[in-house]
Amino acid sequence: MFIVTGLGNPGKQYENTPHNAGFIALNSLREYLIQNTNYQVSEWEDESKIFFSEICKVKKAGELIGILQKPLTYMNNSGSAVKLLKKKFPTENFVLIHDDLDIPLGKYKIQEGKSPKGHNGVLSVENSLSRNDFLRVRIGIENRGERLIPGEEYVLIPYNKKELEILKSTIQNSIEELFIQIEQY
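The structure is reproduced here in structure tokens:
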């Protein structure tokens with residue numbers, strides 16, 4: 001069984017911001033699983049009372065093999081939602097998808113055990129799980145150019161249409177690569 005958690009912030013105002021790359025990626029992963037696999041994939045279910053999250057269940061031949069998770073705790077407290085889900089569904093096969101200001105928009109990296117480098121959402125997950133040796137999909141969001149905007153402000157400014165297209169294309173590429181690894185779980 002696998003759990004894939006995407007980091008983001010709940011609410012319409014954050015929908016197309018750099019900080020919501022994890023949520024955008026989970027929506028893309030869900031669609032990818034529906035279109036390209038023989039898995040049965042549920043709709044997003046509001047499990048905020050139990051797991052502080054929206055979740056999507058992935059089944060194969062009727063057996064639960066995976067869960068996609070969007071914590072609704074806001075970015076910096078994501079670990080509490082991850083901990084609750086992993087307590088109910090213990091698995092070592094955990095993937096975290098998140099935005100990364102150290103990677104340019106249009107790029108991504110899939111790595112294990114990479115330092116959070118000041119990303120409070122990633123740090124929250126690491127602290128809650130008491131481990132950091134899980135797979136991460138780091139989606140590049142850096143596109144400030146010459147604009148002198150502090151990172152904590154930049155990640156909450158909605159992308160324009162062109163930036164959002166670049167982000168979604170990058171996410172699609174990362175999902176295809178991630179899926180190969182998920183299939184091995």
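Note that UniProt numbering has the sequence shown beginning at 1, numbered continuously upward.
Glycine is no exception: its CB is placed at the ideal position from the N, C-alpha and C atoms.
N9 sits away from P158, with the two beta carbons spaced by 9 Å or more. Put simply, the region 117-136 does not touch the region 153-170. Fewer than three CB pairs are less than 8 Å apart. When C-alpha distances from I175 are compared across P150, R138, E153, the shortest belongs to R138. Rounded to whole angstroms, the Cβ separation of I166 and L105 is 6 Å, and the two are in contact under 8 Å.
L68 and P116 have their alpha carbons spaced roughly 21 Å apart. Judged by DSSP secondary structure, E47 falls within the beta strand (DSSP E) whose first and last residues are 45-47.
Between the alpha carbons of L156 and Q13 lies a gap of roughly 9 Å. Ranked by Cα distance from K83, the first of Q172, V4, P150 is V4. Of the candidates F134, V58, L72, K70, F134 places its Cα closest to the Cα of N93.
A residue is called buried once 16 or more other Cβ atoms fall within 10 Å of its Cβ, and I34, having fewer, is exposed. Linking I180 to I103 through their CA atoms gives a straight-line distance of about 22 Å.
The beta carbon of I55 lies closer than 6 Å to those of E45, E47, I67, Q69 in the same chain, with the five residues before and after it left out. For V155, no beta strand (DSSP E) encloses it, and the DSSP letter there is neither H nor E. Around the CB of G11, fewer than 16 other CB atoms lie within 10 Å, so the residue is classed as exposed. The Cβ neighbour count for A61, taken over all protein chains shown within 10 Å, is under 16; the residue is labelled exposed. Secondary structure remark: continuous beta strand (DSSP E) runs of at least 3 residues inside the region 10-81, in chain order: 45-47, 53-60, 63-71. Unbroken alpha helix (DSSP H) runs of no fewer than 4 residues, entirely contained in the region 121-184, are found at 151-154, 161-183, following chain order. Exclusion of the five residues before and after K109 leaves I103, R138 as the residues of its chain whose Cβ lies within less than 7 Å of its Cβ. Secondary structure at K109: strand, using DSSP grouped into helix, strand and coil.
The beta carbon of H19 sits closer than 7 Å to the beta carbons of G8, N9, M75, D99, V155, L156 from its chain, once the five residues preceding and following it are set aside; these are given in chain order.
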